[in-house]
Structures are given as C-alpha cells and as structure tokens.
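J.: With the UniProt record's numbering applied, the sequence shown closes on residue 110, and no number is skipped along the way.
Glycine included, C-beta positions come from ideal geometry on N, C-alpha and C.
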Amino acid sequence: EEKMEVEVQEVEKEKKDEEKEKEKKKEAEPSFQLLENPARAMPAQLKVLTMPETCRYQPFKPLHTGGIIILKDTSEEEEELVEPVSAHGPKIEEEEQEPEPPEPFEYIDE
C-alpha cells in the first residue's frame, strides 16, 4: 500500500509539472519592447533595435553596429540645450591631514 501511495504522489507531481510547463508556453513573448536605456542592449538585440521615426534625435550610423551612438537633431525647432550632470560614483573629497603619530612607548611582554 505504501508503495502505491508514493507512486500516486509521484504521478500527481508529474501532472502538476506538466501543467506548469503548459502555462509557461502559453505566455507568448511580445514582438517588440520599448527600452528605457538602449545603451544596455545586448549584441543579439542590436540586430533589431530601431529608433522611433517620430523621435527628434536620430543616429548618424545604424544602431545594429553598436558602440558609441552619436545622434543628430532632425527638428526644425529651436535648439535644445542640455545641462551637464555630474557622473555618479564616489566623490573625491579634499584630502584630510593625517593624525599625529602616537608618543613613543616601550612594549613589555609579560
């Protein structure tokens, strides 16, 4: 009896696993995705990466080549000035003076 119960439990687990796999297959991948930060695109993604036609700035060279992307302003409107922003990371603080060394002393091992 105990052996049969174990077999029944294994069969139930297998059925649940099959159902989970079917659910995963049902979730279809979207045909496109808008990236917030396209600078982090993988080489395989570069092949299909495009800029929207309505975008004010367009790349000088095709995006699929990767690397540094330089954009040109395609708008006839007034020039848009961009303010420089400091990079993230540790700030270099002014060097503090080192503390004075301690007074000389004699070490006695007891």
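Give the single residue among A87, D73, H88 whose Cα lies nearest to the Cα of L81.
T.: The shortest Cα separation from L81 among A87, D73, H88 belongs to D73.
J.: With DSSP collapsed to three states, give me the class of D109.
T.: Coil.
J.: From which residue to which residue does the beta strand (DSSP E) around Q58 run?
T.: 57-59 is the extent of the beta strand (DSSP E) around Q58.
J.: Look at the Cβ atom of L71, then the Cβ atom of P59, and state whether they are nearer than 8 Å.
T.: In this structure, P59 lies closer than 8 Å to L71 by Cβ.
J.: Hey, G66 and P43: beta-carbon distance below 8 Å or not?
T.: Contact flag set, yes.
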